[in-house]
Amino acid sequence: MPELGKYAVAVLSSYGASLALLAGIVALSVWQGKRVKRQLAEVEARAAEERADG
Amino acid sequence: MSFWEYANPKKFMQTSTGLLPWVWGLTGLCLAVGLVWGFFFTPDDFRQGSTVKIIYLHVPAAMMAINAWVMMLVTSLIWLVRRHHVSALAAKAAAPVGLTFTLVALVTGALWGQPMWGTWWAWDPRLTSFLILTLFYLGYIALWQAVENPDTAADLTAVLCLVGSVFALLSRYAVQFWNQGLHQGASLSLDKEENISDVFWLPLLVCIAGFVLLFVALVLVRTRTEIRARRLSALLARERLA
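Those protein sequences? They're chains Y and L, same order as listed. Anchor point for the first sequence: position 30 equals 30 in my numbering, and the numbering is continuous, going up by one each time. So the number in my numbering is just where the residue sits in the second sequence, counting from 1, plus 54.
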């Protein structure tokens, strides 16, 4: 760990807050992507079943 | 092969499937190398002490907050002129990412400003135009949510994006227009005399590359989600009519 001196709180808070925000947008984007992909697969499967039933 | 082929959702999905693992991998590599290098292996600044380490987050985030809006401007113009849905969806996908970078820049700026300027915030031209850009991001995202018809939403948000571009440009060039602000001039310059020292510049360059790649990765992921969501709502509408 580098010696941050009297500015340790400012520096560490900057890194903590930034990494939390960036991790948040990555997690949200991946989660939304997976959710929509799953929903689309379900609806496409239903549509394919209906087409097969005629 | 024409650039406009990527406006085809199928082509976009195919190409981005192959690209994404590489972009994510390079993003992780650049961010890990840049941030570890900057945080652990660079000296303190003679005037700013260890707070100079905030530069590795603040500068790339601020740059990308403005560049994300420029990307949204270009894709919005493509939507308005050529009516390619993928470009409108890419602009929509980029907005929350740009907003996140804006928040990172504001938070790190406040945390850096307090020990250096003695205040968390000042109504300085660059800071104020950046805050207005943040509000434009929020308004842009809210407008997409508020309008039900996706094409109308794309039209209205494209116009909002054009207006907001004034503040994106102001955020970038405010320090050159007005000299009375607290915020310093650009840290990066092609002029070797004005540019920051190489010991800070090189890890900063790696961090900037990491932030650019992170933006590309997130926009690709989110645009893919938007394309799927558009297809999902079309299929659900068809089910309701059947």
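A virtual CB, placed ideally from N, CA and C, is assigned to each residue, including glycine.
Check: At a Cβ cut of 8 Å, what residues of the stretch 15-41 of chain Y count as close to chain L, listed as they run along the chain?; Outcome: Y15, A17, S18, L21, L22, G24, I25, V26, L28, S29, V30, Q32, G33, V36, K37, Q39 and L40
Check: Which stretch, first to last residue, makes up the alpha helix (DSSP H) that contains T71 of chain L?; Outcome: P63 to F94
Check: Whose C-alpha, out of L:P63, L:P114 and L:W166, is nearest the C-alpha of L22 of chain Y?; Outcome: L:P114
Check: Anything in chain Y within Cβ reach of K107 of chain L, meaning under 7 Å, just list it in chain order.; Outcome: V11
Check: In angstroms, rounded to a whole number, what distance separates the CA positions of T188 of chain L and S219 of chain L?; Outcome: 12 Å
Check: Can you look up D99 of chain L in the DSSP assignment and give me helix, strand or coil?; Outcome: strand
Check: Quick check: is the beta carbon of A45 of chain Y nearer than 8 Å to any beta carbon in chain L?; Outcome: no
Check: Of the choices L:V124, L:W123, L:A122 and L:A145, whose alpha-carbon is the least far from that of W133 of chain L?; Outcome: L:A145
Check: DSSP three-state call for S303 of chain L: helix, strand or coil?; Outcome: Only positions 55 to 296 of chain L appear in this structure, which leaves residue 303 of chain L out of reach.
Check: Counting pairs of Cβ atoms below 8 Å between the stretch 193-206 of chain L and the stretch 43-52 of chain Y, do you hit three or more?; Outcome: no
Check: Taking all protein chains shown into account, decide if P179 of chain L is buried (16 or more other Cβ within 10 angstroms of its Cβ) or exposed.; Outcome: buried
Check: So is F93 of chain L in contact with chain Y if we call contact Cβ pairs under 8 Å?; Outcome: yes
Check: Which word fits E280 of chain L, buried or exposed, when buried means at least 16 other C-beta atoms lie within 10 angstroms of its C-beta?; Outcome: buried
Check: If you draw a straight line from the alpha carbon of K65 of chain L to that of A20 of chain Y, how long is it in whole angstroms?; Outcome: 34 Å
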